[in-house]
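Protein chains in written order, with our numbering: chain A, 1 to 491; chain B, 1001 to 1491.
Shown next, in the form of structure tokens:
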């Protein structure tokens, strides 16, 4: 048994190394690869992805994992969870014909390019046929994996183990009703324009972000700060976690909230226990819990008065011209509620309505209740219904997100689930750390770091989202904490 | 035949893609990888290198290449050269037992680490046993490849096809005698300290280098400027060539000459013809010719009056404090002849004596005429004999270069061969472009770009160094042009 386990972990390590290389190829592409290298990079990436698939479905690996999985009662809980995850991954891989995998991969590159073209030219027709094909391939994908289940349930399972469409309907209904009620009552606030009052040079802002992220516990001995077009976090290896920032010279709030969001992901990945590094769950894989950590740091902490009482003077060291403003001005500006077209720029309340819009539209398309050709119209109508505003162009409407073009259908809901989980965990954190505000004000964020490291980060994805929440908060995922948090903060 | 060729090029493309990934893994390590990721990166690199070796020695690939090689008379010259190179690569790979390959690779990582430790601690004993092993493995390597040839001939062939120890002895003898004579006669010049008179911030210097490299023809649509500890150029794919600069805030000459040197390599790689992109010679593989291009740009052009007449005013746009100086001051400072300990900082004359020193020592060690334990002593004695100065510590003496620690033994001579070739090509270029000085002064470097693109760059390594020189200059490699160039410039 021990020998079998050691063979399993050796093969798993190779698979993880290769996945890390894929992550690097893609990180490098975002960060500095020259534009003409796109197609040779696609080949390099395809080559390694094919290798990963070959290793995942090699008879050697399959035999070992299946045998271990059949004897799970003899394994300790760590090995058992790792084997389960690998077993599930293999079973999914085996269900997909390799021709289908290759075609789907090709479709994704082509669709992403078409999305860019359509967006640049404000011409939906350039995208429409490929998007239709993408949804068709997604239906086929779901059928290969499990044709006895509703399509959307199969898709959700890739991003959030155990989540179902029915559960989502229930949660989102409660959320939608409440948020729309709250929106009606929120009072409009004036902006002080703190974060748009100057020009914010990349070099200075980069140093500022290094200082903030250091203070909050990011370890640059095993981390990197990148510079990209769309903020994201990525892991090249256990000792190489990269948070990537999109710098705006005109809007420091945009740059900073983005950086703090990715930092939440990065802290999670950097603080998975050494004990689990060799396992299949040494990454924060459950998207709901992962997103809860980025949203919690971005919103509950990164938009709080205490945070800015400490960090605003730090900012004025880099940008003395902001000394005209107070930290209260800064906090005010970061908490203005206002319907906007772009999801990634939305406030804490309307953000979730953006997600619900996408969820409802994805379902309608998958169930063939609407035609792709009507998508711009449907999108705008729904936007008006949920947020009371109507986009005037496609880039601020249905072409704003990359997700569908890269095949990430069924992914959006995890953003809102992450928001719910963040409020639920935040509620518990506050109960366990009554004095946290006084400490934050003074720049002591150790209560935050330690509580989340102990309760969440160290475990990677040893637990499912449901288990994490039950363990830490004694409840499954519920909407009430987010609703309470928003009411308390904004009403 | 066509089908066989197409299979061959498909497999070759995969091998080249994987080699590009190795280059990226190493580039990223130099540029931004966090320090704790060293060992996981080594695993990733090892994994891909193993894959390259597996692909190179797979029965499929071998069968195809051998068959094509046996029918070379039926191939056109392009396919024939590509097949020859691949055939040679396979034959070398097959001669090495795979255990030996793995052990040698491990020894290289260990020795590189020991070199760093020894250098940091100024303690040769930390390095000595591993360096002994390294030379022993190098002897074994040469014996595996061809035990009928002198060891050094076998090693040279890896870096410079067709070069032999005897030819080198002859060339270096002529060079040594002449350079030592010249050195006695060169008059000492005073430095104006142009390039050390201020603090040169990385951000500004980076922009300056972008402007210079752009002007000289580097294409940033398929190129990148990196920031590293030791300057180098690397190729991730045909459309992704990276020149990497070490920035010194205190010595702008060091930064710029390094950047211009790497630019010479980069221009070569970027301008290989599309016709050859799929072949085994789509990289400037012959080190003599490759180095001739970097040295020519760095020395013949980058230290010339005409170059600085145009570029000095550009520099003062970034660093107005240098307006106290003239472009003549700048040129003067870049052409001061003075014996120094460090090869990479040496002037055009003494540089070659540094190389001859290394060549002579390598030969003595390989032939067991000296003991590794006496290396520091032997080094210092030779330095005194050749350059009239004696190092006082190891980092300025025998521990200054990385090469031996990574197994690059027999590599150094190509640096001087590159210098010879650069002078020989430069002589021909001048004859073909009588008006070049007037054009350079005005910032028109097209004569340089076009001549070298037409005569060298476009061909990659379609030709050997000898063929290149015969084609372009109607002579084999000779020492006289470098000696003449130096005499004319410095006496």
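For every residue, glycine included, the Cβ atom is placed at its ideal position computed from N, Cα and C.
Euclidean distance between Cα positions of residue i and residue j
i, j, result
"residue 158 of chain A", "residue 88 of chain A", "11 Å"
"residue 431 of chain A", "residue 264 of chain A", "21 Å"
"residue 201 of chain A", "residue 251 of chain A", "11 Å"
"residue 368 of chain A", "residue 122 of chain A", "25 Å"
"residue 174 of chain A", "residue 50 of chain A", "43 Å"
"residue 1132 of chain B", "residue 1409 of chain B", "12 Å"
"residue 375 of chain A", "residue 415 of chain A", "22 Å"
"residue 116 of chain A", "residue 38 of chain A", "14 Å"
"residue 99 of chain A", "residue 105 of chain A", "10 Å"
"residue 490 of chain A", "residue 357 of chain A", "22 Å"
"residue 1255 of chain B", "residue 1248 of chain B", "6 Å"
"residue 398 of chain A", "residue 194 of chain A", "31 Å"
"residue 186 of chain A", "residue 389 of chain A", "17 Å"
"residue 1083 of chain B", "residue 1060 of chain B", "15 Å"
"residue 86 of chain A", "residue 1220 of chain B", "42 Å"
"residue 1150 of chain B", "residue 1371 of chain B", "19 Å"
"residue 333 of chain A", "residue 232 of chain A", "24 Å"
"residue 1472 of chain B", "residue 1450 of chain B", "14 Å"
"residue 1077 of chain B", "residue 25 of chain A", "35 Å"
"residue 20 of chain A", "residue 30 of chain A", "15 Å"
Counted within 10 angstroms of its Cβ, other Cβ atoms place residue i as buried (16 or more) or exposed
i, result
"residue 293 of chain A", "buried"
"residue 1045 of chain B", "buried"
"residue 1352 of chain B", "buried"
"residue 189 of chain A", "exposed"
"residue 1290 of chain B", "buried"
"residue 474 of chain A", "exposed"
"residue 94 of chain A", "exposed"
"residue 227 of chain A", "exposed"
"residue 1177 of chain B", "exposed"
"residue 73 of chain A", "exposed"
"residue 975 of chain B", "Absent from the model: residue 975 of chain B. The displayed extent of chain B is 1001 to 1491, so no value can be given."
Helix, strand or coil at residue i according to DSSP, with G and I counted as helix
i, result
"residue 1255 of chain B", "helix"
"residue 1349 of chain B", "coil"
"residue 338 of chain A", "coil"
"residue 303 of chain A", "coil"
"residue 93 of chain A", "helix"
"residue 390 of chain A", "coil"
"residue 153 of chain A", "helix"
"residue 1237 of chain B", "strand"
"residue 1333 of chain B", "helix"
"residue 471 of chain A", "helix"
"residue 232 of chain A", "strand"
"residue 1244 of chain B", "strand"
"residue 1208 of chain B", "helix"
Own chain partners of residue i with C-beta closer than 6 Å, once the 5 adjacent residues on each side are dropped
i, result
"residue 308 of chain A", "327, 330, 331"
"residue 234 of chain A", "23, 27, 242"
"residue 146 of chain A", "154"
"residue 974 of chain B", "Because chain B here runs from 1001 to 1491, residue 974 of chain B falls outside it and cannot be looked at."
"residue 1262 of chain B", "1231, 1233, 1243"
Contact belief for residue i with residue j at Cβ below 8 Å, rounded distance in angstroms
i, j, result
"residue 347 of chain A", "residue 337 of chain A", "5 Å"
"residue 1065 of chain B", "residue 1008 of chain B", "6 Å"
"residue 342 of chain A", "residue 396 of chain A", "6 Å"
Spatial neighbours of residue i in its chain, beta-carbon cut-off 8 Å, leaving aside the 5 residues before and after
i, result
"residue 112 of chain A", "402, 405, 406"
"residue 1477 of chain B", "1171, 1288, 1417, 1420, 1421, 1424, 1465, 1466, 1469"
"residue 1018 of chain B", "1048, 1051, 1052, 1055"
"residue 272 of chain A", "238, 282, 283, 284, 457, 458, 459, 460"
"residue 1441 of chain B", "1306, 1309, 1310"
Contact set for residue i: own chain, Cβ-Cβ below 7 Å, skip 5 residues either direction
i, result
"residue 1373 of chain B", "1128"
"residue 1361 of chain B", "1378, 1379, 1382"
"residue 437 of chain A", "306"
"residue 62 of chain A", "90"
"residue 1447 of chain B", "1433, 1436, 1439"
"residue 1363 of chain B", "1152"
"residue 1323 of chain B", "1316"
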